[in-house]
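Chemist: Note that our numbering has the sequence shown beginning at 24, numbered continuously upward. For every residue, glycine included, the Cβ atom is placed at its ideal position computed from N, Cα and C.
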Amino acid sequence: MSSEMPSALPENIFQLIFEKSPGSLLVKADLPKFTILAASDAYLKVTSTTRESVLGKGFSEVFPEDNTVFNVETNARNIFTKVIKTRLKVDVPNYRFDVYNPDKKICEIHYWSCSNTPILDDNNEVAYILNTVIDITEEVKAKEVAIESESRLRLAAEAAALGTWDLNLNDQTFICSPRFVEIFGHHPETVVKLADISQQVNADDLQNIVIKAYNEALITGKYLYEVRVYWPDGSLHWIKIQGIVLYDEEKKPITMLGTILDITESKRDEIRKNDFIAIASHELKTPLTSIKAYIQLLSRKLSSLDDSFINNALLKTSYQINKMSDLVYRFLDLSKIEADKLQLKIESFDINKLIYDVIAEADLVNPGNRILFAQQDVIVVHADKEKIEQVISNLLNNAIKYSDKGSIINVQSQKIDGNVHVTINDKGIGIKPKDQEKLFQRFYRVESEKMKNISGFGIGLYLASEIIQRHNGQIGVESKEEQGSTFYFSLPLPD
Ligand code: ADP
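1. Quick one, are the C-beta atoms of Ile374 and Val414 less than 7 Å apart?
2. So, at 6 Å on beta carbons, what are the nonlocal neighbours of Ala240 in its own chain, with the 5 sequence-adjacent residues on each side left out?
3. Is the beta carbon of Val85 closer than 7 Å to that of Ala3?
4. Have a look at Leu387 and Arg493 and give me their C-alpha separation to the nearest angstrom.
5. So, helix, strand or coil for Glu472, using DSSP?
6. When we look at the beta-carbon of Val210 and count the other beta-carbons within 10 Å, is it buried (16 or more) or exposed?
7. Taking contact to mean at least 3 C-beta pairs separated by less than 8 Å, is the stretch 326 to 340 in contact with the stretch 280 to 291?
8. Out of curiosity, what's the CA-to-CA distance linking Val92 and Ser138?
9. Have a look at Asn90 and Val122 and give me their C-alpha separation to the nearest angstrom.
10. Taking the alpha helix (DSSP H) that Arg291 falls in, what are its first and last residues?
11. Closer than 8 Å is the cut-off here; do at least three beta carbon pairs connect the stretch 299 to 310 with the stretch 273 to 282?
12. Considering only their Cβ atoms, is the gap separating Thr155 from Gly46 smaller than 7 Å?
13. Can you tell me the Cα-Cα spacing of Lys503 and Pro390, whole angstroms?
14. Candidates Phe207, Glu460, Phe197: which alpha carbon is nearest Ala184's?
15. As a quick exercise: from Asn297, Asn448, Ile498, Lys80, pick the residue whose alpha carbon is nearest that of Gln506.
16. I'd like to know if the stretch 462 to 474 and the stretch 427 to 447 are in contact, where contact means that at least 3 CB-CB pairs between them fall below 8 Å.
17. Could you give the first and the last residue of the continuous alpha helix (DSSP H) run that contains Val351?
18. Would you call the stretch 246 to 263 and the stretch 219 to 228 in contact, with 3 or more CB pairs under 8 Å?
19. Let me make sure I understand the geometry here. Which of Ala487, Gln38, Ala179 has the alpha-carbon closest to that of Leu514?
20. Could you give the DSSP three-state label for Arg119: helix, strand or coil?
21. Can you tell me whether Ser25 is buried or exposed? The criterion is at least 16 other CB atoms within 10 Å of its CB, across all chains shown.
22. Are there 16 or more other CB atoms within 10 angstroms of the CB of Val214, so buried, or fewer, so exposed?
23. Helix, strand or coil for Pro201? Go by DSSP, reduced to three states.
24. Here's the rule I'm using: 16 or more other beta-carbon atoms within 10 Å means buried, otherwise exposed. How should Ala12 be labelled?
25. At what residues does the alpha helix (DSSP H) containing Ala65 begin and finish?
26. Can you name the start and end residues of the beta strand (DSSP E) that Ala266 belongs to?
27. With a Cβ-Cβ cutoff of 7 Å, do Ala179 and Thr187 count as a contact?
28. For Leu192 versus Leu49, is the C-beta spacing smaller than 7 Å?
29. For Arg251, report the span of its beta strand (DSSP E) as first-last.
30. I need the straight-line Cα distance from Val233 to Val224, nearest angstrom please.
31. In this structure, does DSSP put Gly499 in helix, strand or coil?
32. Tell me the rounded alpha-carbon separation between Lys529 and Ile157.
33. Does any C-beta atom of chain D lie closer than 7 Å to the C-beta of Leu54?
34. Reducing DSSP to helix, strand and coil, say where Gly524 ends up.
35. Taking 6 Å as the cut-off, does the CB of Tyr425 come closer than this to any heavy atom belonging to the ligand ADP?
Right under this line is the structure:
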């Protein structure tokens, strides 16, 4: 094969190519001078030099060490010497060499990656060294920012006592922070496997919560649940796990990552509060039932007296007692739901008749409102009648409570696609969209000027939603502020 230059190429083509190449410098192996023989335009630009001022000069003459962060390993003369001695290419992947910026008249910090390739003569000695450099300042700075923000994030997580975790969904590799391990009752430096940790989770929670949440997260992209775990010493702890799913370009889930928090203390507080509510409402129930029975007896006995004051007083007392026992039963239900002990007594009944009865009762207690319900055909449902009555009564009483006296309330029931849909519409104060999302949460009450004089505990809608969910139904609201609200629920009809 001929080594001659093809005649079609101009004579100085390789010099031109060299001069146009990114960051190249050719020095002679004339240790210790290292005479500069050629430099590319890019090299001259980044070093703020000109070809005339560098060619023929010694490397150290042009690039004195005083603007280098001096390091024996990255010092150019040392590297060139090493290349000559070893006859091998020497790479320096990351070093700092500051460059004078004539426009700003300051020396700027720059990071470089360079390689130094020996060019051998006929005697196999190094004749020249090709020094190619790439400016990696931007990459280094970006990495520094990323490292700093990562360490800040880690500090924030540590300050909040949060553990962090990361699960690769392809190979199930699991990485977690020392705090994560600690939350599971191990020494922070213990290396734990996902399988071992899973065994610490309460078996029911693992089946009913963790696996369900995992499968849902693959679809929704979010992961949030609370579970009970047992520490190696046998003690019970509550943890809250939160996370997100990352997907690849084809929307395939690749990683799940997030945080974990020990919520044992707040959970114990919650359990204590729940126990208190359960005991208090249970203790109140007995005397209330007895007062109620005596009021009924008295009403019956004294009705013949025809004393309007006594009759009126007894009616009002009875109304207040009913209100009170309603509240006590609600608190009792609340504590049962919290302890997962709410039992449904399923029976068949006509929901339209039930709606009618609840309206009649509400009319009796609040005679001023106009509640419209065009009674329709019988719609038989399989459900807990008492609990569904509680739901309807709560929605209806709210419609009365949160609208002007005398305004119209529309109640409707309809069969749609194997379900019965019940809607209760009022022309009352309405609800802002941001509150609508939270209404069905426990103890949630809208905070507004209008609400200041309306009493309540914010448990009615929570109970209604829990009851409907336990019947495999749906509950919701549509509302516009100042215009009114429509609360609805649906229940599946028997086949
Ligand atoms: P309570 O009425 O005892 O506060 P609920 O759980 O029944 O508790 O209702 C929660 C909140 O929802 C109420 O505090 C109120 O702000 C809002 N709300 C419920 N029903 C209506 C309605 N029909 N119109 C406007 N706001 C309502």
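Modeler: So, from the data block:
1. no
2. Tyr246, Val268
3. In the structure displayed, the chain extends from 24 to 518; residue 3 sits before or after that span and is not available.
4. 30 Å
5. coil
6. First, the amino acid is wrong: residue 210 is His here, not Val. His210 is exposed by the Cβ-count criterion.
7. no
8. Note on Val92: pLDDT 49, under 50, position unreliable in the model; the coordinate value appears next. So the two alpha carbons sit approximately 18 Å from each other.
9. Model confidence at Asn90 stands at a pLDDT of 45, short of 50, so the residue's coordinates are unreliable and nothing is read from them.
10. 287 to 325
11. no
12. yes
13. 26 Å
14. Phe207
15. Asn448
16. no
17. 331 to 361
18. yes
19. Ala487
20. strand
21. Because Ser25 carries a pLDDT of 47, less than 50, the predicted location of this residue cannot be relied on, and no value is offered for it.
22. exposed
23. helix
24. With the chain covering only 24 through 518, there is no way to say anything about residue 12.
25. 64 to 69
26. One point to set straight first is that residue 266 is Gly, not Ala, in the sequence displayed. It spans 259 to 270 - the beta strand (DSSP E) in which Gly266 sits, taken as one unbroken run.
27. no
28. no
29. 245 to 253
30. 9 Å
31. strand
32. Since the first residue of the chain shown is 24 and the last is 518, residue 529 is not available in this structure.
33. In the structure shown, chain D does not exist; there is a single protein chain.
34. No statement about residue 524 is possible, as the shown extent of the chain runs from 24 to 518 and does not include it.
35. yes
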